[in-house]
Structures are given as C-alpha cells and as structure tokens.
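Per my numbering, the sequence shown starts with residue 729, numbered consecutively. Every residue gets a Cβ at the ideal spot worked out from N, C-alpha and C, and that includes glycine. Keep in mind the model is a prediction, meaning the values are calculated, not measured. What follows is a single structure, written as structure tokens, with notes after it.
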Amino acid sequence: MQKQDAQALSWMKQYLRFTDYLGAAQLYLRDNFFLEEELRPEHCKSRILGHWGTVPGLNLVYANLNYLVYKHKINMLLVTGPGHGAPAILANLYAEKTLDAFYKNYPLNRKGFGQIVSDFSWPYSPFPSHVTPTVPGSILEGGELGYSLATAFGSVLDNPDLITAVVVGDGEAETGPTATAWHSNKFINPKTSGAVLPIVHINGYKISNPTIYGTMSDAELTSLFKGYGYNPHIIKGPNVEEKTIAVMEKSYQEIREIQKKARSQKTLNFQPKWPVILLQTPKGWKGLDKFHGHKVEGSFHSHGIPVDHPKDDPEALKAIKGWLESYKVHELIDQKGTPKNEVLQFVPSGKYRIGMNKHAIGGNFYKKLKLPSLSKHGIKFKKRGATLASSMGQGALMLRDIFKMNEKTFRLMCPDEIESNKLGAIFQATKRAYMWPLKNTDEDLSTEGRAMEMLSEHTLQGWLQGYILTGRHAMFVTYEAFAPIIASMVDQHAKFLKQSFNVKWRKPVASAIYVLSSLGWRQDHNGYSHQNPSFISGVLQKHGKFSQIYFPSDANSLLVAFEETFKKPDSISVIVAGKRDLPQWQTIDEAREQAKTGLRVWDWVGGKGSKNPDVVMASAGDYITQEAVFAVKMCRDLVPELNIRYVNVSELTSLGLGDYCQGNSCLTKVGFNQFFTDKKPVVFGYHGYVNDLEQVLWPHADSDRFTLRGYNEEGSTTTPFDIKMRNGVSCYHFAIALIEQGSKSNAKVRRKKDKIIAEINARIVHHQEYIREFGDDPEEVKNMKW
C-alpha cells in the first residue's frame, strides 16, 4: 500500500466512526447529541423514523469516493439507489460543509451537528427520510426502487468529463428496471459521454428476507456481470476498508484507460468493459450486534429501526446507549463540536465536494433548445380536410432539424418504435446509439447515434430523467398503450419536480415530454391489448399543476405542440398524436392562436349556426375530431335546421383542473361559457376515458347538459371505423346525439328527429353487416370528406 493510501486508511476509520455515529444519531437523538450526559429517555425523539441497515455501507462508499476525488480532482456525481439511507448522505454532506453552504444553519460545530440530527425526519424540516430534492447533490430520491442505474447512465450522456457513481442496493438489484438498465453500457460512447461507476452494495438482506445477490456465490456474481459486459470487482471482508481503497483506484484507472483509448481513435473499434464493484458488507455493519435475543448486525433486523421505543423500554435505551457510545465520538471532535482535522483530512473541498457537483442542479446547464421555423414543415392546403398527412411524419421532420441544431443537448428515447411511429426521417440527422457488434445488414445504428432505442421503457425513462435533470432536453416517444409501463416512474419524477419548486437553489430544467402514438383508435395489426389511454388519466389526476395533455387535431397542431412543450420548462407534457394520414384542418397560424387557450371555436364547421347554437359539439383527439367534424357535416346535410357550434380542444388542461388550475392559461367559468354557452347541451367526444373529462368539466358546468363519449374498453382486431362504432364515438353516434340534444330547444328538428335518427341507425346496421362479410369498412365510410 502506498504511503498516502496508508494515511487514507487511518483517516477513513476515524471518518467512518464519525459519519456512522451521525447517521445513527439522526434516527434517535433529540438532545445530548455528543452523549456528554448519561443518555435518558427525554434525549430521544418521540417517533424513531428512518433506516439504519444501509447507512454504514453508504458511508464506506462515500468515504472512498471522497478519497478518490481528493487524489484525482474528479468531477463526480453520486446517485443513491437506496435513498432510505439518507442519514448517511446527510452525514457526509454535513462533514464536507455542503449542507451549510446551501442552508447556512449546519456549521461544523456543536450547533450545526445538533441541528442536522434534530432535523432528520422532523415535520417541516428540509430533510425527510429519503434523498429528496432538498438534499444537495441529489437527482434521484431513491424511494421507489429500480431506477438509480438508468438515471446514472442518463446523467453522463454527452457529459464527457463527468463520472457518476451509483450505489445499487442488492434489494433494488432484484427489480426489473435495474435488470434491464445493466445493458446501458452498450449505449454509452466513451468518446463523447462520461462514465458510470456502479457499486452494487450487497449487504444480504431486504426488509425481512435475504437478497438474491446475497445468496449467490462469488463465481455466480462474476459470471453474471461478465455476461452483462462489465469487469466485476468483488470486495468482501476482512480488511474491507483497505480493499475498497485499492478497488476504487483500480476501477477509476480502468475508466480513464477506456476513455483515453476511445478518445484517441477516430472510429471506435472496441466494446468497453466498464468496471462494476460488488461490495459485500454486513447489513447494519458495526452497529448493534444483538437485541432481545435476535441477531441485528448482518440480518434483516437491522434494515429499518433496529431498536425502537427508547422512551418506554429501559432495555432499548440501554442498547442504544451502548451502540452510540461504541463510536467514541468525543475522540473525534474538539471543544466546539467540530470534527478534528484528522477526521476531515481527505474530504474534498470547494467545487470538488460531491454534494456540490454542479450537474446535480440541472438548471446550471439548462439552455433553451434551438428550434426550426414551423413554416418550414407546416402543411399547406387550399381546402380544409382535403389534404391528408401524418402528424408523426411531419413531426419527424421537425425532430430531424432539432437534432441537427442541438448536437449535444437533445436525445430521443423510444422502445423499438421509431420506424413504427413514422419517425424514420430523424435518421437523416442521426442514428440509433449502440456500441456492441452489429451485422452488415443492420440499419441506422452508430456509436455516435443520439436516438436511444431499447425495448425497456423503464431504462428509457431513467435515461430521460438523468439527462434532463442534469440540464439537457429529451423526448420519449412510445405506443400509447404501453406508456402505463412507466406511469409509476413518471409519478416519482413528478414528485421530485414538485418538491424542487420549493427549493430556492433548484433551477428550472427541461420538461419531460411524452409523445403517445400508435393510438388505440387505429390498431390495424394489433388488437385490444394495444388499446389503453390510461397514462393520460394518471397524469391528469395527479400532476395537474405542472402537466399539460395535448391533443393536436392535425400535423400543424402537432408542430405547434412540439414547439410549445420544448420551450416550456419544469413540466410534464403529454402529446397524443396518431401516425396515420388524417385530414388537415388548421394552418400553422391558426394552430398557434388556438394554443394560447388550448381550445377554439371552429366557426367554419358550424357555419351560421355556430353563433347561436342549439347544441355544441366538442372534441379532443385527432381521430375523434375527424368523427366530430364529419358528424356536424352529416347533420348539416340531413337536418340543416339544427344549429351547431363546434369547439376543438387541443390542450385538455386548458379547461382547468380543480385547485391545480392557476395562471392565465386556465379558463374561468365565464370564459368556459363563452365557448360552451351557459345552458345549451354539449356533446363532447374524447380520445380517452370520459372520467378524465368529468374531473375537468364539472367545476365549470352542470353535468346534466353534457353528453360525454370516449373510450369505453371495447376493442379487438377489427376495422378502423368499427373501433369507433364499438365505443360510440363514430360520426354516426355523434350525429344522433347532436340531433337528440338539439331537438330539445328546436321544434323543427324535433319534428324530423325520429326519421333522421332511424336513417342513421340504418347506416350503422349496414356497416356492421358489411364488415362481417367483407372484413373492411365500406367505401362510403372510407371516402368520407369534409
């Protein structure tokens, strides 16, 4: 061992005593923070909250990363998978003076020490039980497990000078998202991106069970990670501290060797074997050995709170007293409660402190995306509805130009659906990223690619989070039906965002943009399994304050939605757009004007009847808009006496969402009535579940005047028009509803109502008979035009 490493080993043992003590003290103490008095029940918190088992291992990792950074002046970010180990992260942030740098009330003295111990998991303090956005250096809370590895890889994309160390707990390692995220190594170009140093912390236990990794042999673990394409390094006792110093250094040198080799080549010709560290330490290491007859250290009993109720149980208080005294914290501090110099000897200072890493505050790097002029890609037409175009196809041209204009700050995530979703034009500007060997017949892949395509929605979402939370821009494109796979991940990202809004030193970052295509209303080759609009519902229900759901009616509206969402920071934006050729209704200028409020009266649909309608037809969604417009035309042909106003809704949240509706973009009840009248019946066709509409509409209107139609869980592999028929959102069904509702106030319509509805019902019967015989929609349906 080199002289400095020997000194570091001596330092580390003292440093770990200090951080382990501080980690344990945060769980239990309300006073007497350095045990300068006999520990009494009143010195303990009333509610003992938090987790101990992972804390000592995290402290060991952090200490070694500190030493590595101290030696090499590394730009290092830390992602903590076991976020419930927050006491460890806070202890280290306190020791490196990062907490005091951000909050000004955690100095390295008696007062600051007592403050951080008191504040942990205390109501309205900055530090709850996990690594939330209030914790400096955090880009992942680590509460819902499975996402740390992918998030870490996302952070280093296009960040060539950044090394992100990520701790993956062996419990988290059992999750599906983690299992797929190990393949991220096959997408990271060491020439243009940074590096991830994964540290799998194998302490052997979860809440009440052994972990799978904890029961595997060293040979099995080595084979597993070699199979993933890594170079694994196992660390286990005895002398774990000494071994960790050596393995950390070796892993760092391997990273630099890979980068040096890659950055000296014009064309990469090798597959990097990045290091992975498999760190084996007992759960609850160096803590309480036994309590009440059961093993604590090295067992699941140390996972959370090893000993509870110290205020009521003298044996518990005695055990905690012995445990905390074992660290001999008084030997590590001076009279002011400040850690002695030798305790902090190898802790980095200034900008090299891990908690001060500038990439953890993505707003430090956030810059507006350069966007092309929409006029370049807008669809021009002479007659409304006469020109057909694919919204996604036109959107691809815009994305192509965005790739060209933002070569280091934009990535697109997609689960093997770029071509299927009609986005192939982006390959004129970039390729799919991939590092592993390919065949000559493989198309549109490159080590320099910026389209991230992997059939793991979880990994893609993790990459997106890591990428945008470190200051860049990304878009996630997926089949609508499979977006719910990542619904919980998006919820967690939304929670991180929401908390960040209240942290004054957090700065705006790019929005998370989700484009849902291959919609359930047009599933030619697929069926019922590919019909699921529930992702929209989840976002609307839970994140209304900073989310928008866009329903562009045509290609020009989609381009405007792209433009708006790319410009908007700190948001979750969902864009719902079909990929098939559909009629084009609006010019770019009209779409932009509608985007100001998110809805608009299309007077040209209702004609003269639009001014004083008997009934209002409204719709949200491209396929549904087509049916709604055709329904109005059908009524104008069959019953011209019926006065109809048509309202197109392109952003559902523009109507408001209860208490979350704030700002100029949300309608008041008076504003709502300007579009929908104050008393006339409204037929509203909606892309998704009508429950979405109910929660948005009812604050503004009486429910009894609304007829809501949407997806009703009816579907199969059938004709395009039949899907709409089955769910009651065809132009026929809308026309019947318009006639029924409009006849209530229009006597002329009332007299003709039954005859006309019977005629429309006859068309419905004919359609059903026709498709059963011929397997396709009849020509009169396929050739409908405005």
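Relative to the alpha-carbon of residue i, which residue among the options has its alpha-carbon at the smallest distance?
i	options	result
K1150	A1124, M1163, K1336 and K1361	A1124
T747	F830, I1005, A880 and L1052	L1052
I1485	Q1063, I844, L1102 and C1363	C1363
T995	T920, V1218 and F1449	T920
Q987	A947, C772, S945 and L890	L890
K1232	Y831, T1396, D1432 and R1500	Y831
N1260	I1241, Y1439 and L836	Y1439
E1291	I1241, S1275 and N1254	I1241
W1332	E1318, K1324 and A1323	E1318
Y756	W739, P810, G842 and N837	G842
E1497	T1447, V783 and G955	T1447
P854	Q1227, S1262, L1247 and R1308	Q1227
L1287	G1090, W1330, G1121 and P1506	G1121
Y956	V1004, E764 and E1422	V1004
If we ignore side chains and look at the alpha-carbon of each, how far apart do residue i and residue j end up?
i	j	result
K1023	G1306	59 Å
G870	I1492	53 Å
V1411	M1345	5 Å
N1168	M1180	20 Å
H1058	M729	30 Å
Y770	S846	Before going on, a small fix: residue 770 reads as Glu here, not Tyr. Near 13 Å, if we compare the C-alpha coordinates of S846 and E770.
S1444	I1213	21 Å
L1466	N1401	19 Å
K1136	L1183	24 Å
A907	T1175	23 Å
R984	I940	32 Å
Y1094	P1236	7 Å
D1504	H1253	13 Å
G1083	A893	12 Å
V1509	K1111	20 Å
I930	H812	15 Å
A909	P1034	32 Å
N1455	Y1351	13 Å
A1222	P861	12 Å
Here's the rule I'm using: 16 or more other beta-carbon atoms within 10 Å means buried, otherwise exposed. How should residue i be labelled?
i	result
H1495	buried
I1316	buried
D1406	exposed
E1208	buried
D1365	exposed
G1266	buried
L877	buried
E1501	exposed
P1038	buried
F1204	buried
W1164	exposed
Y875	buried
A734	exposed
P810	buried
Leaving out five residues before and five after residue i in sequence, what residues of the same chain have Cβ atoms less than 6 Å from its Cβ?
i	result
N1371	G1337, P1341 and D1342
K1001	N959
R1160	D1172, L1173, G1177, A1179 and E1181
D946	I962
E902	I940
L1097	N1134, H1201 and F1294
I867	A1088 and L1197
Could you pull out every residue in the same chain whose Cβ sits closer than 8 Å to the Cβ of residue i, ignoring the five residues on either side in sequence?
i	result
K1513	G1113, A1114 and P1311
P1047	The amino acid at residue 1047 is misidentified as Pro; the sequence shows Ala. Counting only Cβ-Cβ distances below 8 Å, and skipping sequence neighbours, we find L1016, F1019 and V1035.
If you drop the 5 nearest sequence neighbours on each side, which residues of the same chain put their C-beta closer than 7 Å to that of residue i?
i	result
A1157	R1128, F1131 and K1132
S1458	E1355, F1449 and K1452
N792	T972, I973 and M976
Y743	A791 and V1071
K1476	E1369
R838	K1064 and G1065
S1281	W1313, Q1314, D1350, T1353, N1376 and S1378
Identify the residues that DSSP records as bridge partners of residue i: which are they?
i	result
A1346	V1375 and F1412
M1180	M1141
C772	L757
R1491	R1491 is not bridged to any residue.
N833	Answer is none; N833 lacks a bridge partner.
F1019	H1022
G897	H929
Y1242	F1204 and V1302
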